[in-house]
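Residue numbers (our numbering): 267 to 438. We treat Cβ as the ideally placed atom computed from N, Cα and C, and that holds for glycine. Please read all numbers here as calculations on a predicted model, not as lab measurements.
Structure below.
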């Protein structure tokens, strides 16, 4: 009978992964600084920027919204303008596909104020590193105090540092 062994990453693989994450974060920050003023001038809120590898290649995804709801024309307008801006400012990044989309019902939670704004809603949070042996948490958002996000899971209340959260979304 074979034992199922988990292969540990070597120090070189871990270092390469850290470099790749750092590069992704740099691209996200650069795109955020370019996209936020554009979205604001169009009466839109930039919710989140994602830059990740998917089966189709690299995807640069911008989530935008506005109080009375986002329309297809809003996404198309931002996409056209951002495409021109990014062609100039991200020339050294390599090929990627740009997507501008609405957050939908499983809206990403990216800003601190999102955790208070959507207090009382169910959410799924993922952390960079395990907390008490786990990285995935699903429960009811109780808000944020300082840098600590509170989540009620069944009868237990847990707090997770805002900077420890790699991904957070509302769920239905």
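Straight-line CA distance for residue i to residue j?
i           : j           : result
residue 306 : residue 312 : 8 Å
residue 361 : residue 348 : 15 Å
residue 400 : residue 426 : 12 Å
residue 371 : residue 438 : 7 Å
residue 413 : residue 281 : 27 Å
residue 364 : residue 290 : 15 Å
residue 352 : residue 397 : 37 Å
residue 430 : residue 377 : 13 Å
residue 298 : residue 418 : 31 Å
residue 366 : residue 340 : 9 Å
residue 320 : residue 415 : 29 Å
residue 288 : residue 295 : 11 Å
residue 411 : residue 387 : 17 Å
residue 309 : residue 286 : 33 Å
residue 428 : residue 284 : 19 Å
residue 356 : residue 350 : 10 Å
Would you mind stating whether residue i and residue j have Cβ atoms separated by less than 9 Å?
i           : j           : result
residue 433 : residue 391 : yes
residue 329 : residue 374 : yes
residue 301 : residue 344 : yes
residue 315 : residue 326 : yes
residue 293 : residue 354 : no
residue 389 : residue 436 : yes
Residue i bridges to which residues according to DSSP?
i           : result
residue 484 : The requested residue 484 does not occur in the structure, where the chain is confined to residues 267 to 438.
residue 315 : 328
residue 366 : 328
residue 374 : 435
residue 320 : 323
residue 425 : 416
residue 287 : Beta-bridge pairing links residue 287 to no other residue.
residue 400 : 397
Could you check whether the Cβ of residue i sits closer than 8 Å to any heavy atom belonging to the ligand ZN?
i           : result
residue 435 : Looking at this structure, you won't find the ligand ZN or any other ligand, since it has none at all.
Could you give the first and the last residue of the continuous alpha helix (DSSP H) run that contains residue i?
i           : result
residue 383 : 378 to 383
residue 356 : Segment: none, residue 356 is in no alpha helix (DSSP H) and carries neither H nor E.
Please report the residue range of the beta strand (DSSP E) in which residue i lies.
i           : result
residue 393 : 388 to 397
- prompt: Can at least three beta-carbon pairs, one atom from the stretch 420 to 436 and one from the stretch 386 to 406, be found at a separation below 8 Å?
  reply: yes
Next on the checklist: Is it the case that the stretch 376 to 386 contacts the stretch 332 to 341, given that we only count it when at least three CB pairs across the two stretches are under 8 Å?
Outcome noted: no
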